[in-house]
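Residue numbers (UniProt numbering): 1 to 283.
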Amino acid sequence: MVSQLPLHPCTGREAAAAKAAGAVPYAGGTDLMVRRAAARRTGQEPPLVFLDRVATFRGITALDGALRIGSLTTMAELCSHPATPGLLGAACATVGSPALRNAATIGGNICTASPAGDSLPALYALDAEVELCGVDTNRRLPIDRLIIAPGQTALKPDELLAAIIVSTDTADRFYYRKVSPRLANALAKVSLAVAATVHDQVLLEMRIAFGAVGPTVIRCSEIERQCRNRSLADLAQSARRLADLAAETIRPIDDLRSSAAYRRTVAGNLLETCLHSLCAPTT
Numbered sequence: 001m002v003s004q005l006p007l008h009p010c011t012g013r014e015a016a017a018a019k020a021a022g023a024v025p026y027a028g029g030t031d032l033m034v035r036r037a038a039a040r041r042t043g044q045e046p047p048l049v050f051l052d053r054v055a056t057f058r059g060i061t062a063l064d065g066a067l068r069i070g071s072l073t074t075m076a077e078l079c080s081h082p083a084t085p086g087l088l089g090a091a092c093a094t095v096g097s098p099a100l101r102n103a104a105t106i107g108g109n110i111c112t113a114s115p116a117g118d119s120l121p122a123l124y125a126l127d128a129e130v131e132l133c134g135v136d137t138n139r140r141l142p143i144d145r146l147i148i149a150p151g152q153t154a155l156k157p158d159e160l161l162a163a164i165i166v167s168t169d170t171a172d173r174f175y176y177r178k179v180s181p182r183l184a185n186a187l188a189k190v191s192l193a194v195a196a197t198v199h200d201q202v203l204l205e206m207r208i209a210f211g212a213v214g215p216t217v218i219r220c221s222e223i224e225r226q227c228r229n230r231s232l233a234d235l236a237q238s239a240r241r242l243a244d245l246a247a248e249t250i251r252p253i254d255d256l257r258s259s260a261a262y263r264r265t266v267a268g269n270l271l272e273t274c275l276h277s278l279c280a281p282t283t
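Here is the structure:
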């Protein structure tokens, strides 16, 4: 029973046990408390398990060739930490407002599993992995295997997101854009995150991830393949064709925020702008 478990646990195992018993994990609360308002009106409000004392869920730690980001790390902390990959920092800087970024956590942004989650395209483009903590065992998954549908993850009933693992041997150029009705406190209509590695005017590798244009973040594997090992000059000439291919690859819908047609047009334009930006000479 939840009443027999600590609702302010100090270990990941205790927190996972409370979740398995029916308690709802509380990290930053920026999305959760909005959802709980509806449950409160119906009288069906499950207890909360507060995660802030779980030390293994906190902090940004350098590993061998990677960075371990605790799931309770706030967006503001990621924006200011010197080790944060530039692409991820740029994405986190677009979340909500300064006040929201001081409370919202990277783990919450992932586990909400919104197609419009601001950090998600960057994490996909960085080939991030997630570290999951259970009552008896821990495991790691690529992030695209954790998020399976809007609002749905592959977390087991007794599992919590403990950390995100990002390689530090990453791209030397990046691009991130979020298109929304205003600059703050707005959900994305379309977002694009790109990580690229360039050497001697040749694009060696590029990872492309679109947000808010499908049920989950969409990686453009075919476009990535076509861009690999091409000269920047050649790639710039192909930018429009690749942009059109991106518009065909994504799976947008009509909703309250935008139309599918708008999203296709904007997604293609974003990728074209991105390619020209990445191919521009650096000083």
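We treat Cβ as the ideally placed atom computed from N, Cα and C, and that holds for glycine.
Item                                                                                                                                                                     : Value
Let me know the secondary structure DSSP gives residue 161 once reduced to three states.                                                                                 : strand
Got a sec? Which residues, its chain only, sit under 8 Å from residue 16 by beta carbon, not counting five neighbours each side?                                         : 133, 134, 135, 158, 159, 160
Of all the options 61, 173, 220, which has the alpha carbon lying nearest to the alpha carbon of residue 204?                                                            : 173
For residue 30 versus residue 73, is the C-beta spacing smaller than 8 Å?                                                                                                : no
Can you check which of these residues, 258, 112, 251, 232, is closest to residue 274 by C-alpha distance?                                                                : 232
Using C-beta distances below 6 Å, list every residue in its chain close to residue 117, excluding the 5 sequence neighbours before and after it, in chain order.         : 109
For residue 230, I'd like the list of residues in its chain whose CB is within less than 6 Å of its CB, leaving aside the five on either flank, ordered along the chain. : 203
Would residue 253 be called buried (16 or more neighbouring beta carbons within 10 Å of its own) or exposed?                                                             : exposed
Which stretch, first to last residue, makes up the alpha helix (DSSP H) that contains residue 189?                                                                       : Unbroken run through residue 189: none, as it is neither H nor E.
State yes or no: is the C-beta of residue 176 within less than 8 Å of the C-beta of residue 87?                                                                          : yes
By how many angstroms is the C-alpha of residue 211 removed from the C-alpha of residue 188?                                                                             : 8 Å
Would you kindly check if the distance between the Cβ of residue 91 and the Cβ of residue 131 is under 8 Å?                                                              : no
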